[in-house]
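Asks: Per UniProt numbering, the sequence shown runs over residues 1 to 161.
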Amino acid sequence: MCFTMKTSCVRRRYREFVWLRQRLQSNTFLVQVPELPSKNLFFNMNNRQHVDQRRQGLEDFLRKVLQNALLLSDSSLHLFLQSHLNSEDIEACVCGQTKYSVEEAIHKFALMYRRFPEEDEEGKKENDVDYDSESSSSGFGHSSDDSSSHGCKMNTAPQES
Numbered sequence: 001m002c003f004t005m006k007t008s009c010v011r012r013r014y015r016e017f018v019w020l021r022q023r024l025q026s027n028t029f030l031v032q033v034p035e036l037p038s039k040n041l042f043f044n045m046n047n048r049q050h051v052d053q054r055r056q057g058l059e060d061f062l063r064k065v066l067q068n069a070l071l072l073s074d075s076s077l078h079l080f081l082q083s084h085l086n087s088e089d090i091e092a093c094v095c096g097q098t099k100y101s102v103e104e105a106i107h108k109f110a111l112m113y114r115r116f117p118e119e120d121e122e123g124k125k126e127n128d129v130d131y132d133s134e135s136s137s138s139g140f141g142h143s144s145d146d147s148s149s150h151g152c153k154m155n156t157a158p159q160e161s
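1. So for Glu35, helix, strand or coil by DSSP?
2. In whole angstroms, give me the CA-to-CA distance for Gly57 and Leu36.
3. Considering only C-alpha positions, which residue in the set Gly96, Phe17, Ser87 is nearest to residue 171?
4. Can you tell me whether Phe43 is helix, strand or coil according to DSSP?
5. Buried or exposed: Arg48, going by 16 or more other Cβ atoms within 10 Å of its Cβ?
6. Taking only the alpha-carbon atoms, compute the straight-line gap between Gly96 and Phe109 and give it to the nearest angstrom.
7. Where does Arg11 sit, in a helix, a strand or coil, going by DSSP?
8. Judging by CA-CA distance, which residue of Ser101, Phe80, Asp60 is the nearest neighbour of Arg11?
9. Under the three-state reduction of DSSP, which class applies to Leu85: helix, strand or coil?
10. Please name the residue, chosen from His50, Ser101, Lys99, Ser75, that lies closest to Leu20 on a Cα-to-Cα basis.
11. Looking at C-alpha atoms only, which residue of Ser83, Asp52, Phe42 is the closest neighbour of Thr7?
12. Buried or exposed for Ser38, please, with buried defined as at least 16 other CB atoms from any protein chain shown within 10 angstroms of its CB.
13. Can you tell me whether Arg15 is buried or exposed? The criterion is at least 16 other CB atoms within 10 Å of its CB, across all chains shown.
14. What residue range is occupied by the uninterrupted alpha helix (DSSP H) comprising Leu70?
So this is what it looks like as structure tokens:
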């Protein structure tokens, strides 16, 4: 699997990174998955230094993960980075227990949460829709009981390319 989007923007909590690391480690026995920044018991979201240190540590973790071809081939990683699915939905999707495939989940997320209009080869905008800044959020706060709340309920009508 390869990344289908040049860029993506999702919001993830520290505990989701913990889940991702455990998932990657359980899927690859031959590779040591990079460590996450340590969990600070006195972490304060209002302390800019704490937030910056954690963000930098998580960025370093992802950078190291993305440099490893074996880890990079894990579908869970792609869904984690390119969709707003929670860990349970990622596992279900990867195991084929959803109505949508990994690729469909990523594609649907890209369409729903695209922040900038696409440009064609000549640099002309395909559409003039102005997406607000909240469109890049991961969808937290939506109920996980219904797959449509994750933007993954797929339309059965054929799509034009």
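Note that the Cβ used here is the ideal one computed from N, Cα and C, for glycine as well.
Replies: Reading off the structure:
1. Stepping through the sequence shown from its first residue, residue 35 is reached at position 35. In this structure, Glu35 counts as coil in the three-state DSSP scheme.
2. Translated into positions along the sequence shown, residue 57 becomes position 57. Translated into positions along the sequence shown, residue 36 becomes position 36. Their Cα atoms are separated by approximately 7 angstroms.
3. Because the chain is modelled from 1 through 161, residue 171 falls outside the range shown and cannot be assessed.
4. Working through the sequence shown from its first residue, we reach residue 43 at position 43. Reduced to three states, the DSSP call for Phe43 is coil.
5. As a working note, residue 48 is residue 48 in the sequence shown. Exposed: under 16 other Cβ atoms inside 10 Å.
6. Walking along the sequence shown from the start, residue 96 turns up at place 96. Walking along the sequence shown from the start, residue 109 turns up at place 109. Going from the Cα of Gly96 to the Cα of Phe109 covers about 18 angstroms.
7. Taking the first residue of the sequence shown as 1, we reach residue 11 at position 11. In this structure, Arg11 counts as coil in the three-state DSSP scheme.
8. For this step, residue 11 is matched to residue 11 along the sequence shown. Out of Ser101, Phe80, Asp60, Phe80 has the C-alpha closest to the C-alpha of Arg11.
9. For the purposes of this step, residue 85 is taken as the residue at position 85 of the sequence shown. Of the three classes helix, strand and coil, the one that applies to Leu85 here is coil, per DSSP.
10. If you number the sequence shown from 1, residue 20 lands on position 20. Ranking His50, Ser101, Lys99, Ser75 by Cα distance to Leu20 puts Ser75 first.
11. In the sequence shown, residue 7 corresponds to position 7, counting from 1. Selected option, being the one with the closest Cα: Ser83.
12. Counting from 1 along the sequence shown, the entry for residue 38 is found at position 38. Counting Cβ neighbours within 10 Å, Ser38 comes out exposed, since fewer than 16 surround it.
13. Within the sequence shown, the letter at position 15 stands for residue 15. Classification of Arg15: exposed, given that the 10 Å Cβ count is below 16.
14. Here the question's residue 70 lines up with position 70 in the sequence shown. 69 to 72 is the span of the alpha helix (DSSP H), which, as asked, contains Leu70.
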